[in-house]
Amino acid sequence: MKLSKLVALWDDNEICIDGNTNLTTSDDQCKRFEASGWDTHKIDGHDASAIEKAIKKAMESDKPTLIACKTTIGFGAPTKAGTHDTHGAPLGDDEIKGMREGLGWNHGPFEIPGDILDGWRSACGRGAATREEWEGRLATLDDGTRSEFVRSSAGDLPSGWQAKLAQFKKKMAEEAPKLATRQASGKVLEVLTEAIPDMVGGSADLTGSVNTKTPSTPSVTNTDFSGRYIHYGVREHAMGAIMNGITLHGGFIPYAGTFAVFANYMMGAIRLSALMEIRVIYVLTHDSIGLGEDGPTHQPVETLAMLRSMPNFYTMRPCDVVETAECWQVALQSSKTPTGMILTRQGLAPQRTTHTDDNLSAKGAYVLADADGDRKVTLLATGSEVEIAMAARDTLQADGVPTAVVSMPCWELFDAQDDAYRASVLGDGVRVGVEAAMRFGWDKYVGADGGFVGMTGFGASAPATDLYKHFGITADNVVAEAKKRL
3 MKLSKLVALW DDNEICIDGN TNLTTSDDQC KRFEASGWDT HKIDGHDASA
53 IEKAIKKAME SDKPTLIACK TTIGFGAPTK AGTHDTHGAP LGDDEIKGMR
103 EGLGWNHGPF EIPGDILDGW RSACGRGAAT REEWEGRLAT LDDGTRSEFV
153 RSSAGDLPSG WQAKLAQFKK KMAEEAPKLA TRQASGKVLE VLTEAIPDMV
203 GGSADLTGSV NTKTPSTPSV TNTDFSGRYI HYGVREHAMG AIMNGITLHG
253 GFIPYAGTFA VFANYMMGAI RLSALMEIRV IYVLTHDSIG LGEDGPTHQP
303 VETLAMLRSM PNFYTMRPCD VVETAECWQV ALQSSKTPTG MILTRQGLAP
353 QRTTHTDDNL SAKGAYVLAD ADGDRKVTLL ATGSEVEIAM AARDTLQADG
403 VPTAVVSMPC WELFDAQDDA YRASVLGDGV RVGVEAAMRF GWDKYVGADG
453 GFVGMTGFGA SAPATDLYKH FGITADNVVA EAKKRL
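Residues 3 to 488 (the working numbering) make up the sequence shown, in order.
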């Protein structure tokens with residue numbers, strides 16, 4: 003991207019936790035960075051004038067710059083300097099005493115000499131005039147431009163977007179299209195990215211598959227940064243890390259897509275999103291055996307459980323286009339919680355064909371279809387398996403078994419509801435969970451003796467419809483699981 007303002011100072015001390023870095027690497031790091039289009043400089047990392055000179059050169063470059071600062075780790079320690087013993091453990095009293103004597107440092111712990119304190123405060127003060135000049139420029143902007151800048155920088159959403167999303171939701175309920183939820187998400191994004199200029203999309207080289215690019219998000223390139231779509235390439239972890247950085251900077255709401263199974267590649271970044279309490283939206287498609295012939299290497303049977311185990315993370319698996327719109331609404335309104343949108347490759351029958359102004363998915367789970375009569379069975383499902391649960395309900399009702407279907411797009415939101423609401427949704431009697439993933443986590447809702455229709459191991463390569471039959475994720479098996487518990 004030719005980010006010429008990027009300057010990295012590398013502490014080149016040749017030490018890692020296990021010992022010398024020659025145990026594990028022989029790379030010429032400067033040549034490695036030069037091959038990626040960087041300028042590089044090698045300096046004495048203990049020479050302040052050399053550091054200043056290298057930074058000035060970097061600021062004049064039209065490339066990003068790596069400054070390799072050759073240093074001695076634990077500099078000044080009598081016996082441990084330059085060894086891995088200084089890396090992850092305290093020096094100890096004798097080494098500290100010898101270091102003080104060797105460096106001529108005669109000040110007590112936490113005592114800051116006046117000349118150093120004055121120099122530090124002078125450095126801090128240098129930015130005051132620049133800041134005041136910037137504040138003056140901001141104040142001269144017209145009211146609309148200034149207020150929009152302040153709004154986006156604060157992370158607040160613009161007015162009007164919810165009304166546009168509600169109109170879309172109503173239209174989808176009336177038209178009832180059969181769509182894969184990745185396609186549904188793409189349609190929702192067309193509405194949202196037009197209404198919310200802060201949204202910046204992207205994908206890890208899967209744009210056409212994850213449906214994250216819209217007419218409102220032209221590509222960002224190294225010659226034109228006016229766009230709103232970043233092509234991350236096959237760099238899932240970097241994608242997540244960059245989205246974290248964009249969010250921390252402020253002014254933007256990043257979202258980007260890859261296949262759900264590749265969430266493993268960026269769990270470090272996802273974990274930090276949750277830990278830092280920031281709004282980052284991960285679009286994770288091809289969410290089950292329903293992706294078909296790509297087979298078990300791409301079928302994420304364990305990924306839902308992994309994501310659901312993450313504190314402060316919303317794992318959302320909508321069942322149709324209306325739920326997808328509702329889940330996106332929650333994700334955007336959750337300024338302190340990141341979200342994973344878990345979406346299908348295969349088309350799904352519409353379930354929500356009567357419009358409601360309320361966001362039913364915001365409660366995490368709700369009764370999609372109530373029982374005709376006193377409820378004896380509750381079928382709980384997510385995403386693509388909701389339509390299977392609905393078909394099983396038809397059979398059970400016809401057999402005289404009053405059955406309700408609960409759609410559970412987000413467990414975390416459901417767990418946050420009060421006891422009375424959760425009890426009303428889950429109901430008494432027999433419960434059966436239905437999800438094309440491992441059972442792990444479902445016992446919280448169906449009970450240890452409850453039924454479950456899903457995966458027990460890895461998937462296989464075949465058309466989606468064949469795989470659902472092969473692994474027994476069918477309405478008939480849901481009916482059987484329920485009946486044997488009555």
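Ideal Cβ positions, reconstructed from N, Cα and C, are used throughout, including at glycine.
Whole-angstrom distance between residue j and residue i, CA atom to CA atom
i, j, result
"Leu250", "Ile291", "36 Å"
"Asp20", "Gln164", "54 Å"
"Gly110", "Gly121", "19 Å"
"Gly443", "Val369", "20 Å"
"Gly78", "Leu274", "35 Å"
"Ser228", "Val222", "7 Å"
"Asn108", "Met343", "58 Å"
"Asp87", "Met440", "45 Å"
"Gly146", "Val202", "21 Å"
"Gly235", "Ile272", "18 Å"
"Asn479", "Ala400", "16 Å"
"Leu428", "Ala482", "19 Å"
Contact under 8 Å by Cβ, residue i with residue j
i, j, result
"Val432", "Leu488", "yes"
"Ser205", "Thr214", "yes"
"Thr26", "Ile17", "no"
"Met268", "Met241", "yes"
"Arg184", "Thr346", "yes"
"Thr453", "Val434", "First, the residue type needs correcting, since residue 453 is Gly and not Thr in the sequence shown. Taking 8 Å as the Cβ cut-off, Gly453 and Val434 qualify as a contacting pair."
"Thr326", "Ser211", "no"
"Ser409", "Cys329", "no"
"Thr260", "Leu293", "no"
"His300", "Val263", "yes"
"Leu350", "Ala182", "yes"
"Pro80", "Gly106", "no"
"Lys72", "Asp46", "yes"
"Thr311", "Gln348", "Note that residue 311 corresponds to Ser in the displayed sequence, not to Thr. Result no, Cβ atoms of Ser311 and Gln348 do not sit closer than 8 Å."
"Trp413", "Thr317", "yes"
"Arg354", "Val332", "no"
"Arg319", "Thr384", "yes"
"Asp200", "Ser161", "no"
"Lys82", "Glu97", "yes"
"Lys65", "Lys4", "yes"
"Ile255", "Arg281", "yes"
Integer-rounded CB distance, given that residue j should sit under 8 Å from residue i
i, j, result
"Ala373", "Ala406", "4 Å"
"His43", "Ala56", "5 Å"
"Met2", "Ala438", "Outside the shown range of the chain, which is 3 to 488, sits residue 2, and nothing can be said about it."
"Leu11", "Ile69", "5 Å"
"Met489", "Ala422", "Here the chain covers residues 3 to 488 and nothing more, so residue 489 does not appear."
"Ala175", "Thr356", "6 Å"
"Asp417", "Gly474", "Not a contact, Cβ separation roughly 28 Å."
"Leu159", "Leu415", "19 Å between Cβ atoms; not a contact."
"Pro352", "Pro179", "7 Å"
Extent of the continuous beta strand (DSSP E) run through residue i
i, result
"Arg347", "From DSSP, Arg347 is part of no beta strand (DSSP E); its letter is neither H nor E."
"Thr568", "Residue 568 is absent from the model: the chain starts at 3 and stops at 488."
"His233", "231-233"
"Phe454", "453-456"
"Gly435", "432-437"
Bridge partner(s) assigned by DSSP for residue i
i, result
"Pro256", "Val202"
"Lys72", "Asp14, Asp46"
"Asp226", "Thr223"
Residue span of the alpha helix (DSSP H) that contains residue i, given as start and end
i, result
"Trp40", "Unbroken run through Trp40: none, as it is neither H nor E."
"Met61", "50-62"
Residue i: CB within 7 Å of a non-hydrogen atom of the ligand PLP
i, result
"His233", "No copy of the ligand PLP occurs in the structure displayed, which carries no ligand at all."
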